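Colleague:
Numbering (the working numbering), first residue to last: 98 to 235.
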């Protein structure tokens with residue numbers, strides 16, 4: 098039950114943070130971004146737990162950025178191409194793939210990943226008694 102509580106808490110928090118971030122930056126968002134943001138924060142915490150928070154931050158950010166980018170691509174294919182909800186379109190951005198992901202936003206997301214990794218690690222420690230994360234750059 099504790100793990101379920103952890104996952105639901107992180108999912109709701111991640112969804113809320115990302116949805117709010119998009120509203121502040123873009124002026125609007127979509128429920129699919131709430132869902133994806135939640136899944137991403139759960140992954141940030143889970144990868145830390147799997148590795149005992151022992152991997153250098155650059156590796157954690159790299160893994161999480163790859164996860165977020167893949168999640169955005171898959172979500173984009175579903176919501177933008179299959180469902181035709183037109184939530185976003187990066188077709189006018191440099192280094193984009195099918196208008197669903199692009200390098201500038203991947204770089205932006207890497208910074209958000211770093212914050213999410215730190216936030217998820219400390220929240221799990223403070224609220225659920227999980228192992229205290231120790232972050233190191235190298």
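Even for Gly, the Cβ is constructed at its ideal location relative to N, Cα and C. Since the model is a prediction, treat every value here as computed from it, not as a measurement.
Taking buried to mean at least 16 other C-beta atoms within 10 Å of its own C-beta, is residue 122 buried or exposed?
Modeller: If you number the chain shown from 1, residue 122 lands on position 25. Residue 122 comes out exposed.
Colleague: At the level of alpha carbons, what is the spacing between residue 202 and residue 98?
Modeller: Reading the chain shown from its first residue, position 105 is the one you call residue 202. Reading the chain shown from its first residue, position 1 is the one you call residue 98. Each residue's alpha carbon lies about 36 angstroms from the other.
Colleague: Under a Cβ-count criterion, where at least 16 other Cβ atoms within 10 Å of its own Cβ denotes burial, should residue 145 be classed as buried or exposed?
Modeller: As a first step, residue 145 must be located in the chain shown, where it is residue number 48. Residue 145 should be labelled buried.
Colleague: Leaving out the 5 sequence neighbours to the left and right, which residues in its chain are closer than 6 angstroms to residue 101 when beta-carbon positions are compared?
Modeller: The count along the chain shown starts at 1 and reaches residue 101 at position 4. Cβ neighbours of residue 101 beyond the five flanking positions: none.
Colleague: Among the residues of its own chain, which have a CB less than 6 angstroms from the CB of residue 188, if the five just before and after it don't count?
Modeller: Working through the chain shown from its first residue, we reach residue 188 at position 91. Correct list, in chain order: 196.
Colleague: Does the segment 176-193 come within contact of the segment 119-136, defined as at least 3 CB pairs closer than 8 angstroms?
Modeller: With a cut-off of 8 angstroms, the segment 119-136 and the segment 176-193 count as touching, because enough Cβ pairs lie within range.
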